[in-house]
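Asks: Provided herewith is a single structure, encoded as structure tokens, for subsequent inquiry.
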Amino acid sequence: MTSMTVNGRPVRFRMEPDTPLLWALRDAANLTGTKYGCGEGDCGACMVHVDGEALRSCLITIGEAEGRFITTIEGLSRDRTHPVQQALVAEQAIQCGFCTPGTVMAASALLAKSGSPSEAEIKAAIPNLCRCGVYPRLVRAIERAGRVARRQERISAAPVPGINAEDAARDVPAISAPED
Ligand code: FES
Ligand code: FES
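Here this note's numbering runs 6 ahead of the position in the sequence shown, where the first position is 1.
Here it is as structure tokens:
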């Protein structure tokens, strides 16, 4: 049994300690906002915060995560109004959206450390791959998110949350039973 805190709640996984954190989050905790891309540490789609640091959850085992504080995209902001989320929408830096949760986690960790990152710092801190190629818009969005976080700017057309992320996870289970 491996214990950790996920999105502010104590969690115990009845899984082998060498299970990748990504699998535990998606398949056991039903937190499917964290995406399974390459599974090998290349794409960044699986990024979560581990004790505030953006890490690839496919490369960490739950044994290594024991006792640590994990935040997934579902726990970043209950109403999806984190400045990075607002700015990505406002700058249209989302196309298919597959890379977006991992990118948001990387960018939010960056802004927590450096409120006003330069373009070079953003590019260095966001290694996430985007097959849709939103990179230029992404840099603009993260710069803008920094301004929002510093209260130098407001995004008035912030996305209105449609549904609670936890309700969505309950309504759309990761593994649904086959129909008889
Ligand atoms: S799924 Fe983890 S880096 Fe690609
Ligand atoms: S928006 Fe499609 S992979 Fe990045």
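In this text, a Cβ means the ideal position worked out from N, Cα and C, and glycines have one as well. For clarity, every value in this text was computed on a predicted model and none was experimentally measured.
Here's a check: name, in chain order, each residue in its chain whose Cβ is nearer than 6 Å to the Cβ of R18, leaving out the five neighbours to either side.
Replies: Within the sequence shown, numbered from 1, the residue matching residue 18 stands at position 12. Counting only Cβ-Cβ distances below 6 Å, and skipping sequence neighbours, we find M7, S9.
Asks: Pick helix, strand or coil for R157, following the three-state DSSP scheme.
Replies: Working through the sequence shown from its first residue, we reach residue 157 at position 151. Coil, per DSSP.
Asks: Say the cut is 8 Å; is the CB of D48 nearer than that to a heavy atom of ligand 1?
Replies: Stepping through the sequence shown from its first residue, residue 48 is reached at position 42. True, at least one ligand heavy atom lies under 8 Å from that Cβ.
Asks: Is it the case that the Cβ atoms of I132 and A113 are separated by a distance below 9 Å?
Replies: Along the sequence shown, read from residue 1 onward, the residue named residue 132 stands at position 126. Along the sequence shown, read from residue 1 onward, the residue named residue 113 stands at position 107. In contact: I132 and A113 (Cβ atoms closer than 9 Å).
Asks: Relative to the C-alpha of E46, which candidate in A60, G73, E59, L28 has its C-alpha closest?
Replies: As a first step, residue 46 is located in the sequence shown; it is residue number 40 there, counting from the start. Closest option to E46, Cα to Cα, is L28.
Asks: Can you tell me the Cα-Cα spacing of P89 and T77, whole angstroms?
Replies: Against the sequence shown, residue 89 aligns to sequence position 83. Against the sequence shown, residue 77 aligns to sequence position 71. For P89 and T77, the distance between alpha carbons rounds to 16 Å.
Asks: Just to check, is the beta-carbon of A113 closer than 8 Å to a non-hydrogen atom of ligand 1?
Replies: Start at 1 with the first residue of the sequence shown, and residue 113 comes out as number 107. A113 Cβ: outside cutoff for every heavy atom of ligand 1.
Asks: Return the CA-CA distance between R160 and P107, expressed in angstroms with no decimal places.
Replies: Residue mapping note: residue 160 aligns to position 154 of the sequence shown, counting from 1. Residue mapping note: residue 107 aligns to position 101 of the sequence shown, counting from 1. Roughly 22 Å separates the two Cα atoms.
Asks: Closer than 7 Å from C-beta to any heavy atom of ligand 2: which residues, in chain order?
Replies: Listed by chain position, these are I100, Q101, C102, G103, F104, C105, T106, C136, R137, C138, V140.
Asks: Answer with buried or exposed for S182, where buried requires no fewer than 16 other C-beta atoms within 10 angstroms of its C-beta.
Replies: By 1-based counting over the sequence shown, the position of residue 182 is 176. Note that S182 has pLDDT 46, beneath the 50 cutoff, so the model's placement of it is unreliable and the number below is only indicative. Answer is exposed; the Cβ neighbour count stays below 16.
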